[in-house]
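Notes for the one structure printed next.
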Ligand SMILES: CC(C)(COP(=O)(O)OP(=O)(O)OC[C@H]1O[C@@H](n2cnc3c(N)ncnc32)[C@H](O)[C@@H]1OP(=O)(O)O)[C@@H](O)C(=O)NCCC(=O)NCCS
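In structure tokens form, the structure reads like this:
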């Protein structure tokens, strides 16, 4: 059953990509997912929101947002996808800056869920990224997902090769914050591990005004394995151990 990699060319591809994203992060279960994609107000509504949001963001920012897809040609179905952005650095706005209507898909301001989520994003993503790429222009890989029934067929490798071309044509370094499942795939495709993001910074309970039940909820969130990996590929070529210097 041949696989083919191609650019996403239509917003309708997101009808297949979003359910794929949801099933990929459930197998294996990844606790980061429920914080990044809270099921609000329902899981179906959240999926619809992300379909609309990501499709619109891609359609309106074709020069900076790039999605690739892998199709199983015999079945005619998308079995893998990757979403990249080109970040110009400096004073330019980040391409994933939120929109006003985001708020209703986020936990209520000040709630345990919301404070935990914000802390997580800061500790695991924004802080380490800023430290490593600073204000330099770079490519960011936001999503790499392959359907659980189609793993180990090379789809992720195909998507990373597709992404390599994007980075090399732009002449930019590439960063990704990876789940444990993705780490080996990236290391096999020219990335080097820069940092394992620890959990200890989020282990302390955030707000003194919270009830015991809320504190317990926080502890439950923090007790899950939220570890993530920051990986990097230099501009223009795969990382070579002993030759390339890591940026941080
Ligand atoms: C990570 C993921 C994208 C890999 O997709 P995939 O299509 O199965 O990966 P590939 O078949 O292209 O594998 C490429 C190489 O990576 C390594 N690899 C991939 N999955 C692996 C695993 N479970 N265990 C060990 N090595 C693995 C292997 O070296 C593999 O090459 P090989 O099969 O020739 O040995 C997929 O498991 C997934 O969607 N996981 C959930 C979402 C996720 O965590 N994404 C990454 C986060 S950013």
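Numbering (full-length UniProt numbering), first residue to last: 1 to 248. Even for Gly, the Cβ is constructed at its ideal location relative to N, Cα and C.
{"Query": "Cutting at 7 Å between CB atoms, please list the residues of its own chain near residue 108, excluding the five before and the five after it.", "Result": "114"}
{"Query": "Output needed for residue 24: all residues of its chain with C-beta closer than 7 Å, excluding positions within five of it in sequence on either side, in chain order.", "Result": "145, 146, 147, 148"}
{"Query": "Closer than 7 Å: is that where the CB of residue 30 sits relative to any heavy atom of ligand 1?", "Result": "yes"}
{"Query": "To the nearest angstrom, how far is the alpha carbon of residue 53 from that of residue 102?", "Result": "9 Å"}
{"Query": "Starting from residue 192, follow its DSSP beta bridges and name the residues at the other end.", "Result": "232"}
{"Query": "Less than 8 Å between the C-beta atoms of residue 83 and residue 70, yes or no?", "Result": "no"}
{"Query": "Quick one: complete alpha helix (DSSP H) runs, 4+ long, within the segment 34-113?", "Result": "43-60"}
{"Query": "Let me check you understand the geometry: is the CB of residue 221 closer than 7 Å to at least one non-hydrogen atom of ligand 1?", "Result": "no"}
{"Query": "Report yes or no: do the segment 226-241 and the segment 159-174 share at least 3 C-beta pairs separated by less than 8 Å?", "Result": "yes"}
{"Query": "Should residue 164 be listed as close to ligand 3, given that the test is whether its C-beta is under 7 Å from any heavy atom?", "Result": "Annotation note on ligand 3: not contained in the displayed structure, which lists ligand 1 as its ligands."}
{"Query": "Just to check, is the beta-carbon of residue 145 closer than 7 Å to a non-hydrogen atom of ligand 1?", "Result": "yes"}
{"Query": "Once DSSP output is grouped into helix, strand and coil, what is the label at residue 149?", "Result": "helix"}
{"Query": "Roughly how many whole angstroms lie between the Cα atoms of residue 97 and residue 64?", "Result": "Because residue 97 sits at a pLDDT of 47, beneath the cut-off of 50, its placement in the model cannot be relied upon, and the point is left open."}
{"Query": "Given 8 Å as the limit, is there contact between the segment 129-138 and the segment 72-79, that is, 3 or more CB pairs closer than that?", "Result": "no"}
{"Query": "Compute the beta-carbon to beta-carbon distance between residue 258 and residue 68, rounded to the nearest angstrom, for a pair I have assumed lies under 8 Å.", "Result": "Any property of residue 258 remains undetermined from this structure, which presents the chain solely from 1 to 248."}
{"Query": "Nearest CA to the CA of residue 130: which residue from 4, 57, 242, 230?", "Result": "230"}
{"Query": "Please confirm whether residue 35 and residue 143 have their CB atoms less than 8 Å apart.", "Result": "no"}
{"Query": "What number of angstroms, rounded off, separates the C-alpha of residue 156 from the C-alpha of residue 66?", "Result": "16 Å"}
{"Query": "Looking at the unbroken beta strand (DSSP E) that takes in residue 243, where does it start and where does it end?", "Result": "Residue 243 -> no beta strand (DSSP E), and no H or E assigned at all."}
{"Query": "Between residue 193 and residue 187, is the Cβ-Cβ spacing less than 8 Å?", "Result": "yes"}
{"Query": "Have a look at the DSSP bridge pairing and note the partners of residue 5.", "Result": "70"}
{"Query": "Using the beta-carbon count (16 or more within 10 Å), is residue 57 buried or exposed?", "Result": "buried"}
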